[in-house]
Amino acid sequence: MSELRLSNITVTFGGLTALQDVSLSVGPQQVHGVIGPNGAGKTTLFNVACGFIHPDSGEVVRNGQRIERLHPRDLPGLGIARTLQGLGLFDRMSVLDNVMVGADHHARSGFLGSLLALPRAGRDERALRERARRVLDELGVAAYAERYPPSLPYPIRKRVALARALVAEPDLLLLDEPASGLSAGEMDELGDLIRSLAETTSVLLVEHHMDLVMRVCDEITVLDFGRAIAHGTPDEVREDPAVLAAYLGEEVQ
1 MSELRLSNIT VTFGGLTALQ DVSLSVGPQQ VHGVIGPNGA GKTTLFNVAC GFIHPDSGEV
61 VRNGQRIERL HPRDLPGLGI ARTLQGLGLF DRMSVLDNVM VGADHHARSG FLGSLLALPR
121 AGRDERALRE RARRVLDELG VAAYAERYPP SLPYPIRKRV ALARALVAEP DLLLLDEPAS
181 GLSAGEMDEL GDLIRSLAET TSVLLVEHHM DLVMRVCDEI TVLDFGRAIA HGTPDEVRED
241 PAVLAAYLGE EVQ
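Counted from 1, the sequence shown has number 202 at position 202 by UniProt numbering; the numbering is strictly sequential.
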């Protein structure tokens, strides 16, 4: 089982309420999308799920266990991996080494063992390198393994960032606007990839490209001014008057 539940999340910044009593859950092998107009609170909610922001009230529950004061460093141990809008790749490390960073917690010997050149450290490094190459191959970017991120087109760097998350073999993947900067064709490929990932991994997708969200998501939560105004399947959300009002500025009777 792989479940993430955010319950009654409220976040304030000074006198501004960024989120007000927002709840959602991501079930096993489910793609759950979060959408909304600019300033709706999508990024704040994503940051709560990642542990970057601690809510003023509400609960973060992972597989039935309430997580107190979640931090980004806790994610690997909880079977969670994430990608960020800014990619966060290391310019002076090869693509392969960048991806290996994402699997580092699998290494039993750790950083000290690598410094001391312990035999186990060598075995761990070889295993991680093989794992990283395999994931790069699965994402179609193995040919760039020895290249450096600044020399690569943006869509390739996006796949490298995704590979770094997937190499940790997470049960839950958090994706923050993965389609930004992609062409229509590249977005179609991304949609196919997300659906294939959902065969083994749950996905929380924060995105503003409606076509992609409607195509790949099983459930969608719509935010507007920090509140959840709709939740349901793509068809249900598409026909919700409150969603139309939020995006088109129409008054709901």
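Don't be surprised by glycine CBs; every beta carbon is placed ideally from N, CA and C.
The way I'd put it, the stretch 46–60 doesn't touch the stretch 147–167; fewer than three beta-carbon pairs between them come closer than 8 Å. Residue 200 counts as exposed, since fewer than 16 other beta carbons sit within 10 angstroms of its beta carbon. The DSSP-derived three-state label of residue 77 is helix.
By DSSP's assignment, residue 65 forms a beta bridge with 62. DSSP places residue 26 inside the beta strand (DSSP E), whose first and last residues are 16–26. By the neighbour-count criterion, in which 16 or more other beta carbons inside 10 Å mark a residue as buried, residue 38 falls on the exposed side.
Taken through DSSP and simplified to helix, strand or coil, residue 151 comes out as helix. One alpha carbon belongs to residue 70, the other to residue 54, and they sit about 7 Å apart. If you draw a straight line from the Cα of residue 93 to the Cα of residue 86, it is about 17 Å long.
The residue from 150, 162, 128, 126 with its alpha-carbon nearest to that of residue 141 is 162. Nearest to residue 49 by C-alpha distance, out of 74, 40, 29, is 74. Along the stretch 221–252, the beta strand (DSSP E) occurs as fully enclosed runs of 3 or more residues at 227–232, listed in sequence order.
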